[in-house]
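To start, the structure itself, in structure tokens.
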Amino acid sequence: MDFSMEEHNQTCAICLESLLKNGTSGETSSSSQTKIGAVVPCGHVFHHACYRKWHSAQERRRRRDSANNNNNSHSNNDDNKCKCPMCNVPCNDFVKLFMGSESSSSHSRRTSASSAATTNEGDDESLRLQSSRKSLDRVKDKLNRYKKENRTLEKKLQDERKLMESTLERTVERHSKEKRSFQRKHQRLEEQVKEKDAALASTAQELQALKEELESDRIKWKKHAKRLEQKLVQEMEGNTEEHLAQVREWGRRKATLKKDVVLARAETKAMQQEIDRTVELQVAERRQWEQKEKQWKQELEKAQQEKAKADARVAKAVQGISQMRAFHEIRKEHVAKLEQEKAQLAQQLQELQPKAELDEEVLLFGS
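Numbering (UniProt numbering) for the sequence shown: 1 to 367.
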């Protein structure tokens, strides 16, 4: 391909020098031929050396991008081609062109019409080049603006991350304090429960001792009544009315005493049943408390895994503590009731003892 053009109308878009000069040295070629070429299919003209450098740089960039994205199986084939520096169209080929030097000016004058047309084309190319430069400047401005926004967003992201880390640390510390507080309260409740269990065991022992004492008194009075009966039988052999009256009186008193003993047995049995029910209730409540304790431990473990729901679980644990307090109050009421029943039983024993002593004195007086 042969063509001739004016120096001031055609420049290389890569080095911005005239196409009549060598792109690498920046000086006018001394030979009759300048090494230039055209890109196929767009037709833009560049120095051969400038395009070769451009093409090498594009090849290095493509190899670097291919190494970074070697796992991407959906890459576009156009990305694997070198692109025109002017219009960014993928290049299929680079065709060498011929441009005459100053010695061929006569040939240029003979083709003035062709040169005029080429000059117009060069002006169009210059306009396109200026437009491309403006577009490049706009792209650079936009890129700088995006970089600035990116730095702002990165700083904001770092601040938010620091805030989230600080919030998370405070949350973990708060939940650790609440956990330690709950463990201390739980330990105090366990100690109180142990103290109440010991008090109930002591009360049960006292009631058992009282029951044995009542049984011993019953056996003692039974033996005493038998001896009195034998004595009265012996005295009845005298066949006196006084003895018969005393026997009848003694029979009535014996029936009354027997009735009192039966009543005392019934009360003792009822008290024992109440004690058994209380013990069963305490055992059931203790099992329920152990189940609740196990449930609280599970909730604590779950609270460590799910920090976002820790507040709700802590509230639930507080509610459980309130239930334990209510349970503690109920146990206090049961202990008070047992103390009251114990006092009543002691009072009944004190009331029965004078009657027994009076009966013994009457029997002794009658004998």
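Here a beta-carbon is modelled for each residue, glycine too, at the ideal position from N, C-alpha and C.
Quick caveat, the model's predicted, so the values are computed rather than measured.
Check, Outcome
"Classification of residue 146 by the beta-carbon crowding that lies within 10 angstroms, buried from 16 upward", "exposed"
"Cα-Cα separation between residue 57 and residue 15, rounded to whole angstroms", "14 Å"
"Terminal residues of the alpha helix (DSSP H) in which residue 47 lies", "Where residue 47 is concerned, there is no enclosing alpha helix (DSSP H), although the beta strand (DSSP E) it sits in stretches over 45 to 47."
"Minimum C-alpha distance to residue 196 - residue among 151, 330, 343 and 46", "330"
"Cα-Cα separation between residue 52 and residue 162, rounded to whole angstroms", "50 Å"
"Beta bridge counterpart(s) of residue 97 as assigned by DSSP", "36"
"Alpha carbon of residue 54 to alpha carbon of residue 156, nearest angstrom", "39 Å"
"Contacts around residue 342, its chain only, beta-carbon distance under 6 Å, and the 5 residues preceding and following it disregarded", "none"
"Residue environment, residue 354, which counts as buried when at least 16 other CB atoms sit within 10 Å", "exposed"
"Between the CA atoms of residue 132 and residue 44 - distance to the nearest angstrom", "13 Å"
"Candidates 318, 183 and 13, of which the one nearest residue 130 by Cα", "13"
"Proximity to residue 85 [Cα-Cα], best of 35, 183, 46 and 68", "46"
"Straight-line gap, residue 260 to residue 230 (C-alpha atoms, nearest Å)", "22 Å"
"Alpha carbon of residue 17 to alpha carbon of residue 166, nearest angstrom", "60 Å"
"Through-space distance from residue 67 to residue 151, alpha-carbon basis", "27 Å"
"Residue 90 (DSSP reduced to helix, strand or coil)", "strand"
"Cβ-based burial, residue 251 [other Cβ within 10 Å; buried from 16]", "exposed"
"Presumed contact (8 Å Cβ cut-off) between residue 338 and residue 203, rounded CB distance", "5 Å"
"Short Cβ contact (8 Å threshold) for residue 88 with residue 40", "no"
"7 Å CB neighbourhood of residue 191 in its chain, flanking five on each side removed", "none"
"Given 8 Å, three or more beta-carbon pairs between the segment 273 to 288 and the segment 176 to 187", "no"
"Cβ neighbour criterion (16 or more within 10 Å) applied to residue 317", "buried"
"Of the residues 37, 60 and 59, the one placed nearest residue 49, counting alpha carbons only", "37"
"Reference residue 281; option with closest CA among 264, 255 and 333", "333"
"Closest by C-alpha distance to residue 269, when choosing among 212, 223 and 320", "212"
"Among 149, 199 and 126, nearest to residue 336 - alpha-carbon criterion", "199"
"Through-space distance from residue 267 to residue 216, alpha-carbon basis", "16 Å"
"Contacting residues, own chain, Cβ-Cβ under 7 Å from residue 138 (five flanking each side not counted)", "none"
"In DSSP terms, what residue 11 is bridged to", "18"
"Beta-bridge partners of residue 83, as assigned by DSSP", "90"
"Neighbourhood of residue 320 by C-beta distance below 7 Å, restricted to the same chain and skipping five residues each side", "292 and 296"
"Chain B within 8 Å of residue 326, Cβ atoms only", "This model lacks chain B altogether, as it is built from one protein chain only."
"Local Cβ density within 10 Å of residue 10, reported as buried at 16 or more and exposed below that", "buried"
"Cβ neighbour criterion (16 or more within 10 Å) applied to residue 96", "exposed"
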